[in-house]
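One structure is given below, encoded as structure tokens.
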Amino acid sequence: MPVATQQELDTLVARRLDEGLLELPMLPSAMTQTLALCQSESVDAQTLSAAIHRDPTLAANVLKAANSAAFGLSSPCASLQQAVARLGLARVAELALALCVRGTVFSDPSCRDALAQLWRHAALAACTAREIARALRRNVETAFLCGLLHDVGKAVLLTNLQRDLGQGSVELPELAGVLHARHESAGARLAAAWKLPDPVAVAVAFHHEPERATVHAPFAAIACLADLLAHLVDAEEGAELLADAVRRHPAVAMLNVYPDQLQSLFVLATKARAAAECLA
Amino acid sequence: MSVSPEAFDVVVIGSGPAGQKAAVQAAKVGKRVCLVERDALGGACVHHGTIPSKTLRETAVCLAGIRVRAGRHIPVEIPPELQLQSLMDRKVAVVEAHVAFLSRQMERNGIEQRHGRARFLTPHVVEIESVFGDRALVRGSTIIIATGSRPRAPQGIPIDHERILDSDSILNLSCLPRTMTVLGAGVLACESATIFAALGVRVTIVDKAPRPLGFLTKSIVDRFVAAFERNEGCVFVGSAEAQSVAWNGVDAVVARLSNGWEARSDVLLCALGRVANVEGLCLEAAGLATNARGHIPVDADCRTSAPHIYAVGDVIGPPSLASTSMEQGRRAMRAALGLSRVGAADTIPSGIYTIPEIATVGVDADAAAARGTECVIGTARFDEIARGQISACTDGVLHLVVDAGTRRVLGCQILGEGATELVHLAQMAMSSGALVDSFVDGIFNFPTMAEAYRVAALDAVARLQSREFSVR
Chain A
2 MPVATQQELD TLVARRLDEG LLELPMLPSA MTQTLALCQS ESVDAQTLSA AIHRDPTLAA
62 NVLKAANSAA FGLSSPCASL QQAVARLGLA RVAELALALC VRGTVFSDPS CRDALAQLWR
122 HAALAACTAR EIARALRRNV ETAFLCGLLH DVGKAVLLTN LQRDLGQGSV ELPELAGVLH
182 ARHESAGARL AAAWKLPDPV AVAVAFHHEP ERATVHAPFA AIACLADLLA HLVDAEEGAE
242 LLADAVRRHP AVAMLNVYPD QLQSLFVLAT KARAAAECLA
Chain B
506 MSVSPEAFDV VVIGSGPAGQ KAAVQAAKVG KRVCLVERDA LGGACVHHGT IPSKTLRETA
566 VCLAGIRVRA GRHIPVEIPP ELQLQSLMDR KVAVVEAHVA FLSRQMERNG IEQRHGRARF
626 LTPHVVEIES VFGDRALVRG STIIIATGSR PRAPQGIPID HERILDSDSI LNLSCLPRTM
686 TVLGAGVLAC ESATIFAALG VRVTIVDKAP RPLGFLTKSI VDRFVAAFER NEGCVFVGSA
746 EAQSVAWNGV DAVVARLSNG WEARSDVLLC ALGRVANVEG LCLEAAGLAT NARGHIPVDA
806 DCRTSAPHIY AVGDVIGPPS LASTSMEQGR RAMRAALGLS RVGAADTIPS GIYTIPEIAT
866 VGVDADAAAA RGTECVIGTA RFDEIARGQI SACTDGVLHL VVDAGTRRVL GCQILGEGAT
926 ELVHLAQMAM SSGALVDSFV DGIFNFPTMA EAYRVAALDA VARLQSREFS VR
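Taken in sequence, the protein lines are chains A and B. For the first sequence, the numbering used here assigns the number 2 to the initial residue and increments by one for each residue that follows. For the second sequence, the numbering used here assigns the number 506 to the initial residue and increments by one for each residue that follows.
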């Protein structure tokens with residue numbers, strides 16, 4: 002199959018979006034349970050561990066991540082309950098959620114490399130969003146989810162396009178235009194299908210233009226700023242241009258982040274890399 | 506080439522209650538006013554503190570009210586996974602409506618609003634840095650500092666805004682915790698503690714003072730503590746301080762107390778006072794300095810040591826109430842413009858939005874005695890008032906302080922739902938110089954909580970009579 006033009010790609014995506022043909026991954030039951038547990042204070046190590054164990058692959062991956070160097074544990078954990086005891090309920094729940102999303106949305110083997118690249122960015126944006134929220138005294142757990150899922154629409158579109166075009170027919174750079182243009186809509190569809198918490202759904206749908214969000218706009222702005230800072234941390238070229246765009250972005254005004262505070266947030270984003278690596 | 510600053514009659518730094526009133530007062534007499542705000546219009550009061558917490562409080566009071574009045578028939582259980590934000594559904598609408606109102610008020614009065622951080626370059630010139638880093642200069646013949654305050658972060662308490670929170674971030678919790686430790690027993694600490702207690706959270710208040718809200722009449726505080734401890738699992742621990750606070754890494758925040766106890770809870774609220782927002786203002790460029798407590802010293806008209814600079818609201822220290830701050834803003838501006846003084850500082854009421862509410866105006870018995878004034882106290886208990894019984898608001902009391910010689914009302918202290926509204930009757934009586942007898946002779950609606958005034962006045966009159974008999 003010849004390589005599709007940008008116009009053709011856009012037509013393909015538009016058709017899927019407009020005609021309700023976008024294939025959305027099912028919300029895994031382990032994630033439903035973990036999300037519910039994250040929002041409940043009555044959770045204990047045993048309940049959380051049982052929820053994660055509903056998906057044995059997920060349980061193995063959580064344990065593997067907990068034992069990664071990024072957490073700096075002196076000796077490895079042998080069980081999830083032990084991981085909870087050493088990392089805390091919130092971190093383990095966060096790990097489980099992140100790995101659940103990775104396994105469900107970012108794991109199609111036909112476009113593994115492109116998805117892995119998107120996932121690395123999602124993980125860094127999640128950890129950055131958490132630190133932005135902490136600095137601005139917003140809810141850190143919600144901010145983490147906003148950062149993690151902000152570009153989930155890109156992964157959904159990529160997987161769908163791959164099915165339309167066949168394996169290996171296009172690379173991520175070629176798709177960048179169409180993914181950028183349509184991923185907020187695709188992400189919004191997934192957020193609705195998965196019944197994600199309202200602030201997260203808003204962040205997914207409006208993270209490029211947070212000023213358009215009528216409710217939960219601060220979380221859209223946090224996802225936006227986390228997205229920009231994560232790109233800036235990873236920028237190999239054009240960092241100056243990007244930094245300038247971040248400084249003048251409406252999200253910065255919405256969150257009232259002054260230049261010196263923005264610099265501090267950039268430092269936090271750089272430090273968040275280590276935490277993001279254990280998710281990647 | 507240096508840019509000459511834009512000239513204004515008045516530059517107000519900060520748009521909270523104090524700054525707004527100062528700006529409007531100046532604009533009303535035709536002055537050109539510039540209002541600088543670094544955050545969103547309305548300041549912390551609207552966006553982080555007063556209005557969001559009162560919105561949550563309203564829900565807590567409603568739920569508690571339904572439980573007391575019809576709980577046997579209509580179960581009111583809060584599901585454990587319920588999002589805290591769901592209990593504050595109206596917050597966004599309330600804040601938006603308030604900001605829209607403020608914005609219209611500023612526009613109507615021709616007040617120029619600038620979004621940015623202010624710092625003094627000279628005693629009359631202020632630089633405004635926008636959020637994008639652009640800079641502009643303004644010059645004010647009069648300058649009002651109304652930059653407010655923020656929660657204090659004491660050393661040794663690792664506030665992470667996740668498990669260990671301050672009075673702003675506590676309102677951003679995802680869901681209701683099962684247990685909460687509150688460090689501090691001032692107004693904000695007690696307000697938050699009682700709101701969460703009413704929502705079913707088991708709250709422990711820890712403070713170094715033997716009782717909370719130490720500036721209030723003891724009998725009112727004793728009743729407040731009793732009401733708080735009637736909530737399941739809620740306790741006040743006085744004469745103790747937290748020596749260390751740490752998240753145990755798994756499931757609890759652990760506070761080790763100076764009395765040897767250990768307070769373990771899902772979350773901890775650190776409410777050990779607030780600090781004035783003066784960093785970055787470059788006060789030294791204006792020739793100003795803060796006092797030992799970090800506040801800007803002012804005189805009775807809120808004038809600083811620089812004759813054309815005034816400071817109002819939280820930045821000058823207690824009482825840090827929105828009502829007082831508004832009055833300070835207006836008073837300072839009138840003094841700056843050479844207008845007559847209005848109102849009397851001793852009739853500004855204090856409202857504390859705990860559950861139950863507390864409100865005071867004027868003096869209590871101890872303060873009257875300290876002034877050498879002989880007084881009698883008339884008391885009404887809410888369980889003696891028909892409306893109190895009907896509304897199941899029996900947990901309250903009203904003290905009316907009456908001058909034994911002149912029979913004038915000198916003060917009033919109220920604990921109970923509606924206290925912050927009720928107190929205005931005593932305030933009006935004080936400002937008009939009314940005698941206690943006016944509450945006996947006046948006819949109030951029945952059944953109302955205002956009847957408590959009549960009951961308290963009758964009690965005071967009886968005490969005055971028994972004094973007269975004993976004197977004879």
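Beta carbons are placed, not taken as given, at the ideal position from N, Cα and C, and that holds for glycine.
**OP:** May I ask which residues mark the beginning and end of the beta strand (DSSP E) holding W752(B)?
**Re:** Start at 1 with the first residue of the second sequence, and residue 752(B) comes out as number 247. Taken as a continuous stretch (DSSP letters only), the beta strand (DSSP E) holding W752(B) covers 747 to 752.
**OP:** For the region 554 to 565 of chain B and the region 857 to 876 of chain B, state whether three or more C-beta atom pairs, one from each stretch, are separated by less than 8 Å.
**Re:** yes
Original post:
Are S744(B) and A760(B) closer than 9 Å when you measure CB to CB?
Top reply: Position 239 of the second sequence, counting from 1, holds the residue named residue 744(B). Position 255 of the second sequence, counting from 1, holds the residue named residue 760(B). The answer is no: Cβ separation not under 9 Å.
Subject >> Best match in G910(B), A791(B), D673(B) for proximity to R972(B) [C-alpha to C-alpha] >> reply: The residue you call residue 972(B) lines up with position 467 of the second sequence. Ranking G910(B), A791(B), D673(B) by Cα distance to R972(B) puts G910(B) first.
**OP:** Going by CA-CA distance only, name the one from D261(A), A231(A), I223(A), A182(A) that's closest to A252(A).
**Re:** As a position in the first sequence, residue 252(A) is number 251, starting the count at 1. For the residues D261(A), A231(A), I223(A), A182(A), the minimum Cα distance to A252(A) belongs to I223(A).
Original post:
From R622(B) to C787(B), what distance separates their C-alpha atoms?
Top reply: Position 117 of the second sequence, counting from 1, holds the residue named residue 622(B). Position 282 of the second sequence, counting from 1, holds the residue named residue 787(B). If you take the alpha carbons of R622(B) and C787(B), they lie about 11 Å apart.
Subject >> Within-9 Å CB hit, E667(B) to chain A >> reply: Taking the second sequence and counting its residues from 1, one reaches residue 667(B) at position 162. So, interface residue.
Subject >> Residues bridged to A816(B) (per DSSP) >> reply: The sequence position of residue 816(B) within the second sequence is 311, counting from 1. Bridge partners of A816(B): I650(B).
Original post:
Hey, which unbroken runs of the beta strand (DSSP E) at 3 residues or more fall wholly within the region 774 to 823 of chain B?
Top reply: 779 to 781, 814 to 816
Original post:
Would you call P200(A) buried or exposed, if buried means 16 or more other Cβ atoms sit within 10 Å of its Cβ?
Top reply: Here residue 200(A) refers to the residue found at position 199 when the first sequence is read from its first residue. By the neighbour-count rule (16 or more Cβ atoms within 10 Å), P200(A) is buried.
Subject >> A549(B), DSSP secondary structure in three states >> reply: One-based indexing of the second sequence puts residue 549(B) at position 44. A549(B): helix per DSSP, three-state reduction.
**OP:** Step through the CB atoms of chain A and report whether any lies within less than 9 Å of the CB of G653(B).
**Re:** Here residue 653(B) is taken as the residue at index 148 of the second sequence, counted from 1. So, not an interface residue.
Subject >> Proximity winner among V726(B), G645(B), I583(B), relative to R683(B) (alpha-carbon distances) >> reply: Working through the second sequence from its first residue, we reach residue 683(B) at position 178. Nearest option by C-alpha distance: I583(B).
Subject >> Three-state secondary structure (DSSP) of H620(B) >> reply: The sequence position of residue 620(B) within the second sequence is 115, counting from 1. It is a strand residue.
**OP:** Spell out the partners DSSP gives R913(B) in its beta bridges.
**Re:** As a working mapping, residue 913(B) is identified with position 408 in the second sequence. In the DSSP output, where bridge partners are listed per residue, R913(B) has L940(B).
**OP:** May I ask which residues mark the beginning and end of the alpha helix (DSSP H) holding S558(B)?
**Re:** Translated into positions along the second sequence, residue 558(B) becomes position 53. Its alpha helix (DSSP H) spans residues 555 to 575.
Subject >> Simplified DSSP assignment, three categories, for G883(B) >> reply: Numbered from its first residue, the second sequence carries residue 883(B) at position 378. Three-state result, G883(B): strand.
Original post:
Taking only runs of the alpha helix (DSSP H) that begin and end inside the region 59 to 88 of chain A, which ones reach a length of at least 4 residues, in chain order?
Top reply: 81 to 88
Subject >> Whole-angstrom C-beta distance between V517(B) and A527(B), which should lie under 8 Å >> reply: Within the second sequence, the letter at position 22 stands for residue 527(B). Within the second sequence, the letter at position 12 stands for residue 517(B). 5 Å between Cβ atoms; contact.
Original post:
What residues of chain A sit near S473(B), judged by a beta carbon separation below 7 Å?
Top reply: Residue 473(B) cannot be examined here, being either before or after the span of chain B that is shown, 506 to 977.
Original post:
Ends of the beta strand (DSSP E) at R707(B)?
Top reply: In the second sequence, residue 707(B) corresponds to position 202, counting from 1. From DSSP, the beta strand (DSSP E) with R707(B) extends over 707 to 711.
**OP:** Find the residues of chain E that neighbour N257(A), judging by a C-beta separation of less than 9 Å, and give them in chain order.
**Re:** You won't find chain E in this structure, because its protein chains are A and B.
Original post:
How many angstroms separate the CA atom of A277(A) from the CA atom of W766(B)?
Top reply: Position 276 of the first sequence, counted from the start, is the residue given in the question as residue 277(A). Position 261 of the second sequence, counted from the start, is the residue given in the question as residue 766(B). Going from the Cα of A277(A) to the Cα of W766(B) covers about 39 Å.
Original post:
Thinking C-beta only, is R886(B) closer than 9 Å to T899(B)?
Top reply: For the purposes of this step, residue 899(B) is taken as the residue at position 394 of the second sequence. For the purposes of this step, residue 886(B) is taken as the residue at position 381 of the second sequence. Yes, they are a contact pair.
Original post:
What's the C-alpha gap between N161(A) and L23(A)?
Top reply: The residue you call residue 161(A) lines up with position 160 of the first sequence. The residue you call residue 23(A) lines up with position 22 of the first sequence. Approximately 7 Å, taken between the alpha carbons.
**OP:** In angstroms with no decimal places, state the Cα-to-Cα distance between D639(B) and C539(B).
**Re:** Residue mapping note: residue 639(B) aligns to position 134 of the second sequence, counting from 1. Residue mapping note: residue 539(B) aligns to position 34 of the second sequence, counting from 1. Near 17 Å, if we compare the C-alpha coordinates of C539(B) and D639(B).
Original post:
Listed from N- to C-terminal order along the chain, which residues in the region 233 to 260 of chain A have their beta-carbon within a distance smaller than 8 Å of any beta-carbon of chain B?
Top reply: R248, R249, V253, A254, N257, V258, Y259, P260
Subject >> Cα-Cα separation between G576(B) and V599(B), rounded to whole angstroms >> reply: Here residue 576(B) corresponds to residue number 71 of the second sequence, with the count starting at 1. Here residue 599(B) corresponds to residue number 94 of the second sequence, with the count starting at 1. If you take the alpha carbons of G576(B) and V599(B), they lie about 28 Å apart.
Subject >> For A94(A) and I53(A), the rounded distance between their alpha carbons >> reply: For the purposes of this step, residue 53(A) is taken as residue 52 along the first sequence, with counting starting at 1. For the purposes of this step, residue 94(A) is taken as residue 93 along the first sequence, with counting starting at 1. The alpha-carbon atoms of I53(A) and A94(A) are separated by roughly 9 Å.
**OP:** Taking only beta-carbon positions, decide if A214(A) is within less than 9 Å of chain B.
**Re:** On the first sequence, position 213 is the one that residue 214(A) refers to. No, because no Cβ of chain B sits closer than 9 Å to the Cβ of A214(A).
Subject >> H208(A) versus T105(A): straight-line alpha-carbon distance, rounded >> reply: Working through the first sequence from its first residue, we reach residue 208(A) at position 207. Working through the first sequence from its first residue, we reach residue 105(A) at position 104. Using only the alpha carbons, I get a separation of about 22 Å.
Original post:
Quick one, are the C-beta atoms of Q78(A) and N68(A) less than 9 Å apart?
Top reply: Start at 1 with the first residue of the first sequence, and residue 78(A) comes out as number 77. Start at 1 with the first residue of the first sequence, and residue 68(A) comes out as number 67. It should be noted that the sequence gives Cys, not Gln, for residue 78(A). A contact, by the Cβ cut-off of 9 Å.
Original post:
Going along the region 143 to 166 of chain A in order, which residues come within less than 9 Å of chain B, judged by CB to CB distance?
Top reply: T143
Original post:
Where does P3(A) land, buried or exposed, given buried means 16+ other C-beta within 10 angstroms?
Top reply: Looking up residue 3(A) in the first sequence gives position 2. Only weak support exists for where P3(A) lies, its pLDDT of 48 falling under 50; the value from the coordinates is given anyway. Under this definition P3(A) is an exposed residue.
Subject >> Simplified DSSP assignment, three categories, for E95(A) >> reply: In the first sequence, counting from the first residue as 1, residue 95(A) sits at position 94. Helix at E95(A).
Original post:
Where does I209(A) sit, in a helix, a strand or coil, going by DSSP?
Top reply: Residue 209(A) sits at position 208 when you count from the first residue of the first sequence. Correcting the residue identity first, residue 209(A) is His in this sequence and not Ile. Three-state DSSP puts H209(A) in coil, outside helix and strand.
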